Amino acid sequence: MATLTDLATTSVGSFDREDDCQATNGEHTESLPRPLQVIVVGGGIASLVASITLRQQGHKVVIYEKSRFANETGAAIHCTPNATSALRHIGIDPRDGGAVPLVESRWCKASNEEMSPATAHAADAHRWESGCMLQPWLLAHRAQLHNQLKAKATSTAGKGPPVKLLTSSTVVQADHQTSTVTLESGETKQADLIIGGDGVHSVTRQALGPDMPTAFKTDRYAFRFTYAKALAMSDPVTRPLIEQECVMISWYGPDRKIVLYPRSGNTLLNFVCIHPASASGDSDDYNKTASKAQLLEVYADFHPVVLKLLAKIGEDQVSLYPLYDMKQLPTFATGRMSLVGDAAHPFTPHLAQGGAMAIEDGLSVGTMLPFGTLPGEVESRLQLYNVARYERASAIQEYSRYAGGDSTTRVTSKSGSSLKVLGFLEYGSSHDEYYVSRKILRDYLSKHSGSEPRWRSPLGFGLLQGPRQDLLGRSHADSLRKSRSKDASIRFATSATVLRCLLPSDRYCFKTRDTVQFATLTLQTLDRLAWLGGGGYSLLGFYIHGVCYQQKDGKLVEGKYCPVMVENLADPIITGREELGIPKVFSDIDIRRSGTSLRATVAWRGTT
């Protein structure tokens, strides 16, 4: 197997914008560090995640929400692994609100016959990890998750100033140039930036520019309802279908389907029944009530046991709502305003990623605006948000259409091969937006630091002696064979979402989409090296396995990648950097051996 070690380059280190926040002799007051003033339009999930992230960065956030939150729409929400990891970064665990892990998905025909093998989510859980923590696929109650987010945003406890949430406050107009909103009362409010999270029928979307697309009803509608699992468990006919906990079942007819899954601590069953709009009549909102008779008529051709499950819902407890879609926006951010969630990209429900994309949006826009961001930098930072989110959210939006049979375009991956539904799910799950957005910001700051990088290389002394040549350019191969080495290594599984941030460019990627990958720490002590006068040194190398590199001719080289190597002698550090481009740094390495055990301490000026 080829190694990528020789291709390694040093990744950009952590960023610090403190220097941008210093005033000079009392001038340039904009450079003084202060919290940004942020207006968020809409109080949905995307808006709350953005508000929490911005609050935790130290900014002051005000949310204008037109409703009173008296009737939260939406019975359930899928927190796929990428959503779970994003929520973890702001201190939210949906399980605290009754969310349950999805163990298995079953796929059946309308006749209740198995259509394809079940998907074992619990067995695959080890593949999805972020920050060295497993990220399960969770089934949550939307209102409970919303309450968790609302409490986190507005609580006086926690990091940063509490978010101010104003209900019954309708925004009727927004201006991305002046970052001003106009309320229904005629009052205007101004801030350093606006985040538009006002849903499918967004007002802020129209402020992005002329002729912005609007959401439209598709030819699909959905019945939605929930009832106690105990009702189905008490019936010997329906009990076998739902007695296994935390299982999602989908029944497919020619043009309609039923999706069933548990929530609220596995005590409630949630149903989403998607069908042609012509079968159930028209609706313009999410709360229109349909009759049980209408529901059973639409699914009359399904197996009797499935119909018996549907029939357990009470009269007038079925909601009917349209599925919305929208043409792709040209951008998610213009001027001092960005869009998040359904305001940016309404989702069809076929991949269960709409909520996850909203959560990722909110986390990303907040991550791009750390404390110390100047008002004059807001526009460029929102464009970084667009870089992070536009391609990914738009792609998954189209994948969802494809999965539901609504796509009008050919869906391909970056490599050009057609993606299947499980591939879509993997693409969605194998992502941690915090690390992706943070890397985009870090790379941007390193390129706009205000100073040119300094390159040092003593070229005026002729050939330099090293492990590959002597002072006359002759090979040291013979003397290297006489050297001595003692090696020790530890191979371990860790978070791919963290490791991806160490890959230097888009030409590098992992062979698999799993969010769990392997790395190795290798300790090596060398001596009897002729080029060092018979002496030696120690090194500690960090290697990431399963990495692919795309060469200029398009071919992929698979191997391991070394983002950093620590050595305790300057000479091999210089030669390794100059001749091979290996990212070597200096540190003291103290090795203690006792029998079969070994302890190594890496320190720099006393700091380990």
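Going left to right, the sequence shown walks through residues 1 to 608 as full-length UniProt numbering numbers them. Virtual Cβ for every residue (Gly too), placed ideally from N, Cα, C. Keep in mind the model is a prediction, meaning the values are calculated, not measured.
Inset, instruction - For L382, collect the residues of the same chain with a Cβ closer than 6 Å to its Cβ; drop the 5 residues on either side in sequence, then sort them by chain order. - result: Here the set comprises A333, S338.
Legend entry - G423, enclosing beta strand (DSSP E) - first and last residue: Segment 421 to 429 is the alpha helix (DSSP H) holding G423; no beta strand (DSSP E) there.
Legend entry - Through-space distance from T84 to K152, alpha-carbon basis: 16 Å
Legend entry - Contacting residues, own chain, Cβ-Cβ under 6 Å from T520 (five flanking each side not counted): S489, R491, Y543
Inset, instruction - Put W251 into one of helix, strand or coil per three-state DSSP. - result: strand
Legend entry - Rounded distance between the beta-carbons of T178 and V41, thought under 8 Å: Cβ-Cβ separation between V41 and T178: approximately 15 Å, too far for a contact (criterion under 8 Å).
Legend entry - Local conformation of P81 per DSSP, three classes: P81 falls in the helix class under three-state DSSP.
Inset, instruction - Just mark G281 as buried or exposed, buried being the case when its beta carbon has 16 or more other beta carbons within 10 Å. - result: exposed
Legend entry - Exposed unless 16 or more other CB atoms sit within 10 angstroms - verdict on H89: Around the beta-carbon of H89, 16 or more other beta-carbon atoms lie within 10 Å, marking it buried.
Legend entry - Beta-carbon proximity of Y537 to V547, cut-off 8 Å: The answer is no: Cβ separation not under 8 Å.
Legend entry - Three-pair Cβ contact test at 8 Å for the region 36 to 52 versus the region 192 to 209: Taking 8 Å as the limit for Cβ pairs, the verdict is that the region 192 to 209 does touch the region 36 to 52.
Inset, instruction - Check the DSSP bridge columns for A228 and list the partner residues they point to. - result: L268
Legend entry - Host alpha helix (DSSP H) of G366 (start-end): 354 to 367
Legend entry - Stretch-stretch touch, CB-based, cutoff 8 Å, three pairs: the region 353 to 372 with the region 254 to 269: no
Inset, instruction - Enumerate in chain order the residues of its own chain whose CB-to-CB distance from L323 is below 8 Å, with the five nearest sequence positions on each side excluded. - result: K217, T218, R220, Y221, A222, I274, T348, P349
Inset, instruction - Taking 8 Å as the cut-off, decide whether the C-beta atoms of G428 and T80 are in contact. - result: yes
Legend entry - 8 Å Cβ cutoff met for H303 and N82: No.
Legend entry - Own chain partners of P467 with C-beta closer than 8 Å, once the 5 adjacent residues on each side are dropped: H476, L480, L529, W531, P572, T575
Inset, instruction - Give a yes or no on contact between the region 168 to 188 and the region 226 to 243, applying the rule of three or more CB pairs nearer than 8 Å. - result: no
Inset, instruction - Output yes or no for whether 8 Å exceeds the beta carbon distance between L288 and Y252. - result: Note that residue 288 is Lys in the sequence shown, not Leu. Contact flag unset, no.
Legend entry - Of the residues S505, M368, T494, V305, the one placed nearest L445, counting alpha carbons only: It is M368 whose Cα lies nearest to the Cα of L445.
Inset, instruction - Report yes or no: do the region 151 to 170 and the region 94 to 101 share at least 3 C-beta pairs separated by less than 8 Å? - result: no
Inset, instruction - Determine, using beta-carbon pairs with one atom in the region 432 to 442 and one in the region 382 to 397, whether at least three such pairs fall under 8 Å. - result: As far as the Cβ criterion goes, the region 432 to 442 touches the region 382 to 397, which means the pair count is three or higher.
Inset, instruction - Tell me whether P504 sits in a helix, a strand or coil according to DSSP, three-state version. - result: coil
Inset, instruction - Quick one: using the 10 Å Cβ neighbour count with 16 as the cut-off for buried, is D553 buried or exposed? - result: exposed
Inset, instruction - Starting from the N-terminal side, write out each stretch of the alpha helix (DSSP H) that is 4 residues or longer and does not extend beyond the region 116 to 154. - result: Annotation note: the region 116 to 154 contains the following uninterrupted alpha helix (DSSP H) runs of length 4 or greater, listed N- to C-terminal: 142 to 154.
Legend entry - Neighbour-count burial assignment, V585, 16 or more Cβ in a 10 Å radius: exposed
Legend entry - Among G606, T596, S202, the one whose alpha carbon lies nearest that of D590: G606
Inset, instruction - Could you name the residues that DSSP lists as bridge partners for R220? - result: P276
Legend entry - Contact belief for G160 with R55 at Cβ below 8 Å, rounded distance in angstroms: 4 Å
Inset, instruction - Using 10 angstroms around the beta-carbon of Q317, count the other beta-carbons present and answer buried if the total reaches 16, otherwise exposed. - result: exposed
Legend entry - Same chain, Cβ closer than 7 Å to residue 612, five either side skipped, listed in chain order: What is shown of the chain runs 1 to 608, which leaves residue 612 out entirely.
Inset, instruction - Using alpha carbons as the reference points, say which of R592, Y64, R513 lies closest to L523. - result: R592
Inset, instruction - Measure the C-alpha to C-alpha separation of S413 and G355 and round it to an integer number of angstroms. - result: Any reading at S413 must be qualified, since the residue scores a pLDDT of 39, below 50, and its modelled position is unreliable; no value is offered.
Inset, instruction - Give me the Cα-Cα distance between A344 and A110, rounded to the nearest whole angstrom. - result: 35 Å
Inset, instruction - Return yes when the Cβ of K150 is within less than 8 Å of the Cβ of V48, no when it is not. - result: Per the sequence presented here, residue 48 reads as Leu, with Val not at that position. A distance below 8 Å separates the beta carbons of L48 and K150.
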